[in-house]
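In this note's numbering, the protein residues as written are 2 to 187.
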């Protein structure tokens with residue numbers, strides 16, 4: 002097992018970059034989804050409202066599906082983190098529901114709204130908190146893992162530059178605003 006906490010084992014560089022790629026894609030889908038959710042369609046245009054709903058639903062579907070790929074990588078690489086592991090073991094079995102959701106998104110279904118998608122949505126709004134928490138905690142855990150690989154500020158900067166040059170992303174720390182501000186200052 003590769004721990005993100007006190008007990009660390011380094012990954013081969015290629016696998017670390019591959020994990021970062023999938024996590025960055027999930028993060029991209031999350032950001033696109035959040036941006037669309039913040040858009041306010043013209044209230045007098047019914048078509049604009051329907052288009053807005055279809056866009057955010059599609060972006061949410063791709064975010065959720067891409068997050069499941071990150072879970073698969075997490076397992077394959079043997080990662081462990083107390084918070085992430087507890088979320089993955091949630092008694093409501095969101096993990097299984099998210100896998101089925103991913104299958105409905107990325108495998109042809111012969112109905113517009115697959116029962117595999119509905120299963121997760123029927124759990125109500127609580128699944129949204131689980132997905133959000135899992136996503137954010139995986140980003141946090143990966144950031145901590147990367148921080149544990151280096152000792153000096155120079156090493157930290159080199160690692161950050163390497164990951165950013167390969168996947169054009171680096172896991173944010175406390176908030177995206179802080180991360181964005183740092184990139185602006187650099």
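Here a beta-carbon is modelled for each residue, glycine too, at the ideal position from N, C-alpha and C. Computed from a predicted structure; not experimentally measured.
8 angstroms contact criterion, which residue 102 and residue 66 should meet: CB distance rounded
In the chain shown, residue 102 corresponds to position 101, counting from 1. In the chain shown, residue 66 corresponds to position 65, counting from 1. Contact between residue 102 and residue 66 is confirmed by a C-beta separation of about 7 angstroms, below the 8 angstroms threshold.
Give me the residue from 126, 143 and 100 with the minimum Cα distance to residue 24.
Counting from 1 along the chain shown, the entry for residue 24 is found at position 23. The option with the nearest alpha carbon to residue 24 is 143.
Could you round the C-beta distance between residue 57 and residue 27 to whole angstroms and report it? I think they count as a contact, below 8 angstroms.
On the chain shown, residue 57 is found 56 positions in, with the first residue counted as 1. On the chain shown, residue 27 is found 26 positions in, with the first residue counted as 1. 16 angstroms between Cβ atoms; not a contact.
Measure how close the beta-carbons of residue 100 and residue 69 come, nearest whole angstrom, since I'm counting them as under 8 angstroms.
As a position in the chain shown, residue 100 is number 99, starting the count at 1. As a position in the chain shown, residue 69 is number 68, starting the count at 1. Confirmed, Cβ separation roughly 6 angstroms.
May I have the straight-line CA-CA distance separating residue 71 from residue 170, to the nearest angstrom?
Walking along the chain shown from the start, residue 71 turns up at place 70. Walking along the chain shown from the start, residue 170 turns up at place 169. When rounded, the distance between both Cα atoms is 15 angstroms.
Residue 36, DSSP secondary structure in three states:
By 1-based counting over the chain shown, the position of residue 36 is 35. Assignment of residue 36 by DSSP, reduced to helix, strand and coil, places it in the helix class.
Please list the terminal residues of the continuous alpha helix (DSSP H) segment that includes residue 79.
Walking along the chain shown from the start, residue 79 turns up at place 78. Segment: none, residue 79 is in no alpha helix (DSSP H) and carries neither H nor E.
Using beta-carbon positions only, say whether residue 118 and residue 105 come within less than 8 angstroms of one another.
Start at 1 with the first residue of the chain shown, and residue 118 comes out as number 117. Start at 1 with the first residue of the chain shown, and residue 105 comes out as number 104. The answer is yes: Cβ separation under 8 angstroms.
Cα separation between residue 14 and residue 90?
For the purposes of this step, residue 14 is taken as the residue at position 13 of the chain shown. For the purposes of this step, residue 90 is taken as the residue at position 89 of the chain shown. Residue 14 and residue 90 have their C-alpha atoms roughly 28 angstroms apart.
Nearest to residue 93 by alpha carbon, out of 108, 124 and 111?
Within the chain shown, the letter at position 92 stands for residue 93. Ranked by Cα distance from residue 93, the options 108, 124 and 111 are led by 124.
Contact check, residue 138 vs residue 88 under 8 angstroms by CB: the rounded distance?
Mapped onto the chain shown, residue 138 falls at position 137. Mapped onto the chain shown, residue 88 falls at position 87. A Cβ-Cβ separation of about 6 angstroms places residue 138 in contact with residue 88 under the 8 angstroms criterion.
Is residue 187 buried or exposed, if buried means 16 or more other CB atoms sit within 10 Å of its CB?
Here residue 187 is taken as the residue at index 186 of the chain shown, counted from 1. Low local confidence applies: a pLDDT of 45 at residue 187 is under 50, so the model's placement there is unreliable, and no value is given.
Taking buried to mean at least 16 other C-beta atoms within 10 Å of its own C-beta, is residue 128 buried or exposed?
Numbered from 1 along the chain shown, position 127 holds the residue referred to as residue 128. Label assigned to residue 128: buried.
State the DSSP-derived secondary structure class of residue 67, mapped to helix, strand or coil.
The residue given as residue 67 occupies position 66 in the chain shown. Collapsing the DSSP output to three states places residue 67 in a helix.
Note down, in chain order, each residue of its chain lying with its Cβ closer than 7 angstroms to the Cβ of residue 150, except the 5 sequence neighbours on either side.
For the purposes of this step, residue 150 is taken as the residue at position 149 of the chain shown. In chain order, 11 and 160 place their CB closer than 7 angstroms to the CB of residue 150, counting only its own chain and leaving out the 5 sequence neighbours on each side.
Helix or strand or just coil, what does DSSP make of residue 93?
Residue numbering aside, residue 93 sits at position 92 when the chain shown is read from its first letter. Residue 93 falls in the coil class under three-state DSSP.
Can you give the Cα-Cα distance for residue 53 and residue 31, rounded to whole angstroms?
The count along the chain shown starts at 1 and reaches residue 53 at position 52. The count along the chain shown starts at 1 and reaches residue 31 at position 30. Their Cα atoms are separated by approximately 16 angstroms.
Please work out which residues of its chain come closer than 7 angstroms, Cβ to Cβ, to residue 165, disregarding the five sequence neighbours upstream and downstream, and give them in chain order.
Looking up residue 165 in the chain shown gives position 164. The residues are 171.
Could you give the distance in angstroms between the alpha-carbon of residue 46 and the alpha-carbon of residue 110?
Indexing the chain shown from 1 puts residue 46 at position 45. Indexing the chain shown from 1 puts residue 110 at position 109. Spanning the alpha carbons of residue 46 and residue 110 requires a straight line of approximately 31 angstroms.
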